[in-house]
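Colleague:
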Amino acid sequence: MNGRTDWTAHIVLSIGVLLFVLPLWLVFSASTQDPAMIGRGELSFIPGSGIGVYWKVLTEGAPGVAPVWHLLMVSFGMAISIAIGKIVISVLSAYAIAFFRFPFRLVCFWTIFFTLMLPVEVRIIPTYSVMAGFGLINSFTGLTLPLIASATATLLFRQTFLAVPDELVEAARMDGAGPLRFLRDILLPVSGANIAALFVILFVYGWNQYLWPLLVATDSRLDTIVIGIVKMIGADTSVEWNRVMATAVLAMLPPVAVVLLMQTWFVKGLTEGDK
Amino acid sequence: MERRTIFGGWALPAAFVLPQLLLTVFFFLWPAGEAIYGSLTRQDAFGLKTQFIGFENFVDLFEDPLYVESLWRTVYFCAAVSLLSMSVALLLAVFADREIAGRGFYRTMLIWPYAIAPAVAAVLWILLLHPQIGMVAHGLKAIGVVWDYKINGGQAMLVVILASAWKQVSYNFIFFLAGLQSIPRSVIEAARMDGARGWRRFRTIIFPLLAPTTFFLLVVNLVYSAFDTFGTIQALTQGGPGKSTETLVVKVYRDGVVNLDLGGSSAQSVVLMVGIVVLTVVQFRFLGKRDKT
């Protein structure tokens with residue numbers, strides 16, 4: 004490169020960054036301002052003094068919505084269960100499909116593959132009626148279990164496993180390692196980076212769910228934080244905007260923190276695994 | 193691709209594949225089957241008799257002007273969101289790929305929005321564009337624009353497009369940047385030697401090399417804008433005013449869950465399934481091609 008500063012790049016990228024950071028700052032700023040002022044349209048970029056609103060939403064919530072600490076707990080439980088559940092189930096099934104020959108192996112593979120084409124959004128009503136049949140409506144199991152089956156994770160692990168050299172498998176067998184020990188001592192450590200990347204993607208996926216919790220959990224004790232926010236806005240006439248914005252900040256912190264902390268793995272896993 | 197070395201036995205692999213398979217059958221195949229069955233039958237008003245009626249539900253669906261309108265609205269919405277979000281992301285990725293000071297910082301600042309929920313993105317845009325409290329809305333009013341997306345359908349569409357596209361920029365940015373980084377520097381150097389500069393170099397050399405990434409992203413973005421934006425739309429407009437932001441998924445939700453029209457919504461679900469099957473097949477045909485090269 005020549006020594007000159009590339010001003011065009013800096014200007015374009017700065018505008019890009021501002022496009023994302025300014026709205027975020029505005030949300031934070033609004034959360035600390037007087038709701039009556041916001042309601043009158045006197046929103047300011049400069050934060051007010053109402054930082055106490057965070058304590059208030061955490062412990063009290065807003066009219067018609069559970070305290071935010073409770074919403075956070077549900078979201079955490081949901082995101083973690085989905086992420087870990089998907090990883091465990093997908094590692095096991097990908098291992099079976101990649102390293103064994105058993106009857107109906109390909110049928111199993113294509114059955115799992117097919118779920119790629121059936122996101123919750125396209126099977127809203129029928130899935131709901133199946134859930135009702137199992138008595139899983141308004142239960143934490145109902146909230147998480149149907150989202151745990153994952154074709155993408157299975158396909159990703161299958162690819163990783165197929166790339167493990169045959170020599171490694173041979174060597175492990177010569178040393179007397181059975182299938183279970185091979186999985187635990189060799190395959191899982193080798194796939195560490197993939198698992199970490201997938202954890203980020205799945206945590207964010209679970210945390211950000213909206214339609215499924217809306218359908219399956221009408222009991223407000225099972226409201227996630229995303230559901231809680233939309234409920235708060237829905238009150239419409241007397242929305243306490245500072246509470247809504249404080250809740251929005253709290254809703255963004257955990258997934259953003261996970262993405263930032265694990266950024267390198269996450270970006271690698273996302274772009275190499277394709278979706 | 194297949195492995196040469198494998199383990200023997202079938203009880204262990206069967207046990208390993210079973211949990212995934214059970215979830216798939218109960219929560220994917222069964223509901224999908226029920227949707228197809230429901231779309232081909234009609235129940236009487238009391239739910240006592242079920243009658244097989246062939247494709248009548250589908251004929252009704254496509255003869256319903258409201259559904260066809262919603263279909264075109266969805267096409268328009270998806271195209272706008274994908275185009276807007278991908279162009280902005282590509283522009284940012286091209287500059288973030290340059291060797292400039294602080295590029296790590298820029299990248300991080302453009303990647304974190306991946307974590308924002310679609311419904312939460314809506315909250316951010318409310319602060320900007322809400323007719324009473326929005327900051328930009330006040331600016332617009334100050335210069336004489338009559339701005340109220342709660343009443344004006346066209347403006348409502350614009351708002352949901354902006355919020356949905358905004359949320360997806362970072363995803364596209366990550367992939368475009370990875371795509372750009374995988375282009376060998378020697379290719380770009382060679383182009384520079386040949387005197388291809390700036391825009392021409394981008395148009396004739398870099399963009400064609402990004403074609404696989406672009407195509408992959410186009411499919412992902414269409415799926416995202418058709419399905420994942422439900423939360424954004426629900427938080428901003430609930431499909432309104434009137435039906436001006438009612439996409440197909442919002443319509444299934446309104447008809448099936450709010451208005452309890454089960455037969456019609458089964459047929460709608462099946463149409464959505466067909467749509468996503470087509471997109472997935474297109475995507476995998478293309479991915480298969482890329483594997484061979």
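Protein chains in written order, with this note's numbering: chain A, 4 to 278; chain B, 193 to 485. By construction, the Cβ of each residue, glycine as well, lies at the ideal position given by its N, Cα and C atoms.
1. Would you mind working out which of G53/A, T8/A, E243/A and I228/A sits nearest A69/A, comparing C-alpha positions?
2. Does the distance from the CB of S362/B to the CB of I303/B come in under 8 angstroms?
3. Compute the Euclidean distance between the alpha carbons of A348/B and T437/B, then round it to the nearest angstrom.
4. Would you call V270/A buried or exposed, if buried means 16 or more other Cβ atoms sit within 10 Å of its Cβ?
5. Nearest to V444/B by alpha carbon, out of L369/B, L428/B and F419/B?
6. Which one of T274/A, L256/A, L225/A and L217/A has the shortest CA to CA distance from V450/B?
7. Would you call the region 273-285 of chain B in contact with the region 181-192 of chain A, where contact means no fewer than 3 C-beta pairs closer than 8 angstroms?
8. Just verifying my parser: in three-state terms, what is the DSSP assignment at K278/A?
9. What is the C-beta distance between P38/A and N245/A, in whole angstroms, given that I count them as a contact (C-beta under 8 angstroms)?
10. Who are the near neighbours of E248/B in its chain, counting only those whose CB is closer than 8 angstroms to its CB and skipping five residues on each side?
11. Which residues, in chain order, does the region 210-233 of chain A contribute to contact with chain B at a C-beta distance below 9 angstroms?
12. Tell me the DSSP secondary structure of A180/A in three-state form.
13. Quick one, which of S458/B, D340/B and A288/B has its alpha-carbon nearest G225/B's?
14. Is the beta carbon of I100/A closer than 8 angstroms to that of R161/A?
15. Does the beta-carbon of T8/A have 16 or more other beta-carbons within 10 angstroms, so that it is buried, or is it exposed?
16. Buried or exposed for W28/A, please, with buried defined as at least 16 other CB atoms from any protein chain shown within 10 angstroms of its CB.
17. Return the residues of the region 104-116 of chain A that lie within a Cβ-Cβ distance of less than 7 angstroms from chain B, sorted by chain order.
18. Once you ignore the five residues that flank F206/A on each side, which residues in its own chain have a CB closer than 6 angstroms to its CB?
19. Secondary structure at V68/A, three-state DSSP: helix, strand or coil?
20. Touch check for the region 99-113 of chain A and the region 159-174 of chain A: three-plus C-beta pairs under 8 angstroms?
21. For K59/A, which residues of its own chain have a beta-carbon under 6 angstroms away from its beta-carbon, when the five flanking residues on both sides are left out?
22. Which residues bound the alpha helix (DSSP H) around R290/B?
23. Quick one: which chain B residues come within Cβ less than 8 angstroms of V133/A?
24. At a CB-CB cut-off below 7 angstroms, which residues of chain A make contact with I325/B?
25. Three-state secondary structure (DSSP) at F247/B?
26. Chain B partners of A152/A, CB-CB under 8 angstroms?
27. So V352/B and T429/B are supposed to be a Cβ contact under 8 angstroms. How far apart are they, rounded?
28. For a contact defined as C-beta to C-beta under 8 angstroms, what are the partners of L148/A on chain B?
29. Would you kindly work out how many angstroms separate the C-alpha atoms of P223/B and H13/A, rounded to a whole number?
30. Curious, which full-length alpha helix (DSSP H) runs of at least 4 residues does the region 137-222 of chain A contain?
31. For I325/B versus L46/A, is the C-beta spacing smaller than 8 angstroms?
32. Using CA atoms only, rank isn't needed, just tell me which of I232/A, V91/A, L61/A and P26/A is closest to V209/B.
33. Counting contacts by CB-CB distance shorter than 8 angstroms, is V315/B in contact with chain A?
34. Compare the beta carbon distance of A65/A and M235/A with 8 angstroms and say whether it is the shorter of the two.
35. Using CA atoms only, rank isn't needed, just tell me which of S84/A, E275/A and V71/A is closest to R224/A.
36. Does the distance from the C-beta atom of L121/A to that of M465/B stay below 8 angstroms?
Modeller: If we stick to the structure as given:
1. Taking the first residue of the first sequence as 1, we reach residue 69/A at position 66. With distances taken between Cα atoms, A69/A lies closest to I228/A.
2. For the purposes of this step, residue 362/B is taken as residue 170 along the second sequence, with counting starting at 1. For the purposes of this step, residue 303/B is taken as residue 111 along the second sequence, with counting starting at 1. Contact: yes.
3. The residue labelled residue 348/B in the question sits at position 156 within the second sequence. The residue labelled residue 437/B in the question sits at position 245 within the second sequence. Roughly 7 angstroms separates the two Cα atoms.
4. Here residue 270/A refers to the residue found at position 267 when the first sequence is read from its first residue. Looking at its Cβ environment, which holds 16 or more other Cβ atoms inside 10 Å, V270/A is buried.
5. If you number the second sequence from 1, residue 444/B lands on position 252. Per the Cα distances, F419/B.
6. For the purposes of this step, residue 450/B is identified with residue 258 of the second sequence, where counting begins at 1. It is L217/A.
7. no
8. For this step, residue 278/A is matched to residue 275 along the first sequence. Bear in mind that the predicted position of K278/A carries a pLDDT of just 38, short of 50, making it too unreliable to give a figure here.
9. For this step, residue 38/A is matched to residue 35 along the first sequence. For this step, residue 245/A is matched to residue 242 along the first sequence. Their Cβ separation, rounded to whole angstroms, is 5 angstroms, which keeps P38/A and N245/A in contact under 8 angstroms.
10. On the second sequence, residue 248/B is found 56 positions in, with the first residue counted as 1. Excluding sequence neighbours, E248/B sits near R234.
11. W210, N211, Q212, Y213, L214, L217, L218, I228, V229, I230, I232 and V233
12. On the first sequence, position 177 is the one that residue 180/A refers to. Coil at A180/A, not helix or strand.
13. Position 33 of the second sequence holds residue 225/B. Looking at the Cα atoms, S458/B is the closest of the given residues.
14. Locating residue 161/A in the first sequence gives position 158, counting from the first residue. Locating residue 100/A in the first sequence gives position 97, counting from the first residue. Yes. Within cutoff.
15. The residue given as residue 8/A occupies position 5 in the first sequence. By the 10 Å Cβ count, T8/A comes out exposed.
16. Your numbering for residue 28/A matches position 25 in the first sequence. Exposed, since its Cβ has fewer than 16 Cβ neighbours within 10 Å.
17. R104, F105, P106, C111, T114 and I115
18. For the purposes of this step, residue 206/A is taken as the residue at position 203 of the first sequence. Closer than 6 angstroms at Cβ, skipping near neighbours: A82, A86 and V261.
19. The count along the first sequence starts at 1 and reaches residue 68/A at position 65. Correct three-state label for V68/A: strand.
20. yes
21. Walking along the first sequence from the start, residue 59/A turns up at place 56. Closer than 6 angstroms at the Cβ level, and outside the excluded window around K59/A, lies no residue.
22. Numbered from its first residue, the second sequence carries residue 290/B at position 98. Segment: none, R290/B is in no alpha helix (DSSP H) and carries neither H nor E.
23. Here residue 133/A corresponds to residue number 130 of the first sequence, with the count starting at 1. Under the 8 angstroms cutoff, chain B gives F218, F219, W222, P223 and E226.
24. If you number the second sequence from 1, residue 325/B lands on position 133. Correct list: I41, G42, G44, L46 and W244.
25. If you number the second sequence from 1, residue 247/B lands on position 55. F247/B: coil per DSSP, three-state reduction.
26. The sequence position of residue 152/A within the first sequence is 149, counting from 1. Going along chain B in sequence order, the residues near A152/A (Cβ under 8 angstroms) are Q212, L215, T216, F219 and F220.
27. In the second sequence, counting from the first residue as 1, residue 352/B sits at position 160. In the second sequence, counting from the first residue as 1, residue 429/B sits at position 237. About 6 angstroms; that satisfies the 8 angstroms criterion.
28. The residue given as residue 148/A occupies position 145 in the first sequence. Chain B residues near L148/A: L215 and F219.
29. Your numbering for residue 223/B matches position 31 in the second sequence. Your numbering for residue 13/A matches position 10 in the first sequence. Spanning the two alpha carbons is a distance of roughly 51 angstroms.
30. 143-147, 154-165, 169-177, 182-185, 195-210 and 214-219
31. For the purposes of this step, residue 325/B is taken as residue 133 along the second sequence, with counting starting at 1. For the purposes of this step, residue 46/A is taken as residue 43 along the first sequence, with counting starting at 1. Result yes, Cβ atoms of I325/B and L46/A sit closer than 8 angstroms.
32. Indexing the second sequence from 1 puts residue 209/B at position 17. Checking every option, the nearest Cα to that of V209/B belongs to V91/A.
33. As a working mapping, residue 315/B is identified with position 123 in the second sequence. Taking Cβ atoms only, chain A reaches closer than 8 angstroms to V315/B, which makes this a yes.
34. The residue labelled residue 65/A in the question sits at position 62 within the first sequence. The residue labelled residue 235/A in the question sits at position 232 within the first sequence. Taking 8 angstroms as the Cβ cut-off, A65/A and M235/A qualify as a contacting pair.
35. Reading the first sequence from its first residue, position 221 is the one you call residue 224/A. It is V71/A.
36. The residue labelled residue 121/A in the question sits at position 118 within the first sequence. The residue labelled residue 465/B in the question sits at position 273 within the second sequence. Yes; because the gap between Cβ atoms is below 8 angstroms, this pair is in contact.
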